[in-house]
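Start counting the sequence shown at 1121; every next residue gets the next number (the working numbering).
Accompanying notes for the structure given below.
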Amino acid sequence: MDERVIAEIARAERAKLILEDPMVAEALTAMRDHIMQAWQESPARDKEGREELFRYIKVIGQFESVFRTHIETGALAAHQLRTEEERNSVLARLRDKLPF
């Protein structure tokens, strides 16, 4: 098996565990809520402050996106691995049936 594929699957599993960890999910939700609360309470004239809050929200999204990308890459790697195993299985059965 390709070590790269196995490594991608392992990274995906770790990424999923991290992203779905209740404490991480709670922390991200708390951060979003805090930022949104600060945005709602900020004066409309504080464009610089609101832009900074917007950047914080974007960073949280990027953080989650990195983990989702690992999860998706791992899913593709797992599919690739299954396909390769199925192909090898079919080839092995064909070899067993050949007379030579």
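We put the CB at the ideal spot given by N, CA and C, even for glycine.
The three-state secondary structure of L1218, taken from DSSP, is coil. For the pair V1186 and I1138, the Cα-to-Cα distance works out to about 11 Å. Annotated three-state conformation of A1164 is coil, per DSSP. Closest by C-alpha distance to A1135, out of A1147, E1146, T1193 and A1150, is T1193.
Going by DSSP, E1140 is part of no alpha helix (DSSP H) at all; its letter is neither H nor E. D1122 sits in coil when the DSSP states are folded into three classes, being neither helix nor strand. Between the C-alpha atoms of I1155 and S1209 there is a straight-line separation of about 53 Å. Of the candidates K1178, F1183 and A1132, the residue whose Cα lies closest to the Cα of A1145 is F1183.
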